[in-house]
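Below is one structure, written out as structure tokens; the observations come after it.
Number of protein chains: 2
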Amino acid sequence: MDKIKPNVIGLDLGGTNAVFGIVDSRGNIIATTAIKTQAYPKVEDFVEAGCAALEPVIEMAGGIGSIQGMGIGAPNGCYYTGTIEDAANLAWKGSVPLAKMFSEKLGIPVSLTNDANAAAMGEMTYGVAKGMRNFIMITLGTGVGSGIVINGQVVYGCDGFAGELGHVIMDRTPNGRICGCGRKGCLEAYCSATGVARSARELLETTNRPSLLRDMKPEDITSLDVAIAAGKGDALAKEVFDFTGKMLGEACADFAAFSSPEAFVFFGGLTKAGDLIMKPIEEAYNKTVLPIFKGKAKLLVSTLDGAGAAVLGASALGWEA
Amino acid sequence: MDKIKPNVIGLDLGGTNAVFGIVDSRGNIIATTAIKTQAYPKVEDFVEAGCAALEPVIEMAGGIGSIQGMGIGAPNGCYYTGTIEDAANLAWKGSVPLAKMFSEKLGIPVSLTNDANAAAMGEMTYGVAKGMRNFIMITLGTGVGSGIVINGQVVYGCDGFAGELGHVIMDRTPNGRICGCGRKGCLEAYCSATGVARSARELLETTNRPSLLRDMKPEDITSLDVAIAAGKGDALAKEVFDFTGKMLGEACADFAAFSSPEAFVFFGGLTKAGDLIMKPIEEAYNKTVLPIFKGKAKLLVSTLDGAGAAVLGASALGWEA
Chain A
0 MDKIKPNVIG LDLGGTNAVF GIVDSRGNII ATTAIKTQAY PKVEDFVEAG
50 CAALEPVIEM AGGIGSIQGM GIGAPNGCYY TGTIEDAANL AWKGSVPLAK
100 MFSEKLGIPV SLTNDANAAA MGEMTYGVAK GMRNFIMITL GTGVGSGIVI
150 NGQVVYGCDG FAGELGHVIM DRTPNGRICG CGRKGCLEAY CSATGVARSA
200 RELLETTNRP SLLRDMKPED ITSLDVAIAA GKGDALAKEV FDFTGKMLGE
250 ACADFAAFSS PEAFVFFGGL TKAGDLIMKP IEEAYNKTVL PIFKGKAKLL
300 VSTLDGAGAA VLGASALGWE A
Chain B
0 MDKIKPNVIG LDLGGTNAVF GIVDSRGNII ATTAIKTQAY PKVEDFVEAG
50 CAALEPVIEM AGGIGSIQGM GIGAPNGCYY TGTIEDAANL AWKGSVPLAK
100 MFSEKLGIPV SLTNDANAAA MGEMTYGVAK GMRNFIMITL GTGVGSGIVI
150 NGQVVYGCDG FAGELGHVIM DRTPNGRICG CGRKGCLEAY CSATGVARSA
200 RELLETTNRP SLLRDMKPED ITSLDVAIAA GKGDALAKEV FDFTGKMLGE
250 ACADFAAFSS PEAFVFFGGL TKAGDLIMKP IEEAYNKTVL PIFKGKAKLL
300 VSTLDGAGAA VLGASALGWE A
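Sequence order for the protein chains is A and B.
Per numbering that gives the first Met the number 0, the first sequence starts with residue 0, numbered consecutively.
Per numbering that gives the first Met the number 0, the second sequence starts with residue 0, numbered consecutively.
So, in structure tokens, the structure goes:
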């Protein structure tokens, strides 16, 4: 067996930016570079530009011979095929074999998965889930994503797309909120950053209660504004976080019935609200989880959260590419 | 490595009966014996009596030297510890190390898990899920149980108790039905055999609609009665199965978002109703599953269903004990 090389490449592919990083085995990002995803309507040009941008950073890190592999975290990424399938926020349509394209160009093995699965890999390799064999990563961003780890492996399912916990149905009544997926009542419709802003707008519209948020145009309110108002003691804003956390806690109670994880790891913008979101999650979870699972799973916030987390997560795939 | 021996023992441990079977590698039950679980308030006496009953059958099958191992399917069985934990329908309280007790007595390796996980093992070893690496077994009996297989392994979670899909919450409104677990709105409260009978009673009580079931005392109605009435074209009884199937289909759509299985395998008394239950499951599943999973998972009925299925399922554990 070949000696494991000291570094991997991680690519966090977003709709706007594509951030590349060279990462060592301890999870230090030793160099980064980025290109604009949107600037390349043709994926061939994107790969060309990405490799050109990578060249000097790879040299700096000890040359391509020092790179074990590359991992890509991408929207609608399929681990089994290494393809991106019709991602809504990318210009490249159909099935895009991005892993193969980078692999051929760089001459190293490349793995690809969706961003939430990459985050779970990152957490397991470098973060709070290090050493855990069963945990569930919940990413709270523009959407709600998830990466599920069972017996030390990310769950990809029969098709490579398992782990879409943002789309379990939390409200089956006719009042269920419309979700971006076209269905009603999904967890994501309530507990994403956009869901939180929407909950605030709904409370402002349907009540006359005072709130700092009334100083803003409703359409301008973001989840960050709600968090800031709640931080200042705004009762209405606090209620929005209580509602969001309660729903997340109840959802996690259902997830526990599935895989009885050692921990839930929360990641993403909303976790910045700290206790405002984590306390109601914990309360609702402990109150509603099946008695047999009570007190077993830890509710943790990612310690990788920050600018480099997505690159780190993607890079973790490079070790087993 | 030792040569694999030709047979295994399966024990289906129920509250009333304990059925032992000797099973060969093709899934033929070559001999069975049974004792009354309830007759042994002390577990030591139960193990003693079980081994005494097994002795002649083991001899008939070629002696203990022909037995690779033993598998036990038991309520509240924990795979990791081989113990039964406070099973409501057994007289033995606390943590009962049943696997260890049988192993010491018989001198062979013994594994233990809950009945639904054993059913999943049986399906994967001998049944419709043979060769599948990702599927979810749903057992529809007095309760609703589940056994989840991911990457070819039964999911046990951090504690050995994963896969309690009968206890995901399907109705979060204040009207959610009380479940045996003490919570409200669980899948099991609606889709178990008792849940089906309860749905029928509720429809009879809250409407004046005609039904063959009105000829019975409400408290005597069982799920079998509802199935027979529906089979005769009784509209109210049919509606009960439509309601039950719809809820199961919607629940499975959520489960698909978790592990994207190749198939759902339904097992147990209610599946005897055939299309009456399977059609509405399929309709609701196809209607509500996230678009990315549409058309991927098969909805199957166990082919092992029948008297020996539980013994076969338990025995499957014996091969890897």
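Backbone N, C-alpha and C define an ideal beta-carbon position, used for all residues, glycine too.
In this chain, the beta strand (DSSP E) harbouring B:Phe266 covers 262-266.
Residue state for B:Val195 is assigned as helix, using DSSP reduced to three classes. In its chain, beyond the 5 residues on either side, Pro279 have a beta carbon closer than 8 Å to the beta carbon of A:Asp241. Chain B has no Cβ within less than 8 Å of the Cβ of A:Cys190.
Residue burial is scored here from C-beta neighbours: A:Gly273 has fewer than 16 other C-beta atoms within 10 angstroms and is therefore classed as exposed. Put simply, the backbone Cα of B:Phe292 is about 7 Å away from that of B:Ala255. Within the segment 125-140 of chain A, the residues whose Cβ lies closer than 7 Å to some Cβ of chain B are Asn133, listed in chain order. A:Phe101 does not reach chain B, its nearest Cβ partner there being about 24 Å away, counting only Cβ pairs nearer than 9 Å. With distances taken between CA atoms, A:Gly72 lies nearest to A:Met120 out of A:Thr221, A:Ala48, A:Met120, A:Gly106. The C-alpha of A:Leu111 is placed about 12 Å away from the C-alpha of A:Val310. Across the segment 161-192 of chain B, CB contacts with chain A closer than 9 Å involve Ala161, Gly162, Glu163, Leu164, Gly165, His166, Val167, Ile168, Met169, Asp170, Arg171, Thr172, Cys180, Gly181, Arg182, Cys185, in sequence order along the chain.
B:Ala192 and B:Glu122 have their C-alpha atoms some 21 Å from each other. Neighbours of B:Val154 across chain A, judged by C-beta separation under 7 Å: Ile149, Ser258. Taking a C-beta distance under 8 Å as the contact criterion, B:Cys185 and B:Gly159 do not qualify as a contact pair.
Straight through space, the alpha carbons of A:Ile135 and A:Gly312 are spaced by roughly 14 Å. When DSSP states are grouped into helix, strand and coil, B:Glu163 belongs to the coil group.
With the rule of 3 Cβ pairs closer than 8 Å, the segment 123-133 of chain B does not count as touching the segment 243-250 of chain B.
Judged by beta-carbon spacing, B:Gly76 lies within the 8 Å limit of B:Ile83, meaning their Cβ atoms are closer than that value. By alpha-carbon distance to B:Lys4, the top candidate from B:Val18, B:Gly68, B:Cys50 is B:Gly68.
Chain B has a Cβ within less than 8 Å of the Cβ of A:Ile291. A:Ala115 is positioned such that its CB atom lies no closer than 8 Å to that of A:Thr141. Interface flag for A:Cys157 against chain B is set, since a Cβ pair is found closer than 8 Å. With a contact defined as Cβ atoms closer than 8 Å, A:Lys297 and A:Ala262 qualify at about 4 Å. Judged by beta-carbon spacing, A:Ile168 lies beyond the 8 Å limit of A:Ser258, meaning their Cβ atoms are not closer than that value. Within chain A, Cys157, Asp158 have C-beta atoms less than 8 Å from the C-beta of B:Lys295, given in sequence order. Contact of B:Asp241 with chain A is not assigned, every C-beta pair being separated by 8 Å or more. Within the segment 248-276 of chain A, those residues whose Cβ lies closer than 9 Å to any Cβ of chain B are, in chain order, Glu249, Ala252, Asp253, Phe254, Ala255, Ala256, Phe257, Ser258, Ser259, Pro260, Glu261, Ala262. A:Met69 is bridged by DSSP to A:Ile8, A:Val109. Distance from the Cα of B:Ile21 is smallest, within the candidate group B:Tyr284, B:Thr32, B:Met215, for B:Thr32. Within its own chain, the residues whose Cβ lies closer than 7 Å to the Cβ of B:Ile220, once the five positions on either side in sequence are excluded, are Ala196, Ala199, Arg200, Leu212, listed in chain order. The residue among A:Gly14, A:Asp23, A:Arg171, A:Cys157 with its C-alpha nearest the C-alpha of A:Val42 is A:Gly14.
Taking the Cα positions, B:Ala17 is about 15 Å away from B:Ile28. Across the structure, A:Thr302 and A:Phe265 are spaced so that their CA atoms are roughly 10 Å apart.
In this structure, B:Gly70 lies near B:Val7, with their beta-carbon atoms less than 8 Å apart.
In terms of Cα proximity to A:Glu218, the closest of A:Asn207, A:Lys237, A:Gly194, A:Glu238 is A:Gly194. Among the CB atoms of chain A, none fall inside 8 Å of the CB of B:Thr206.
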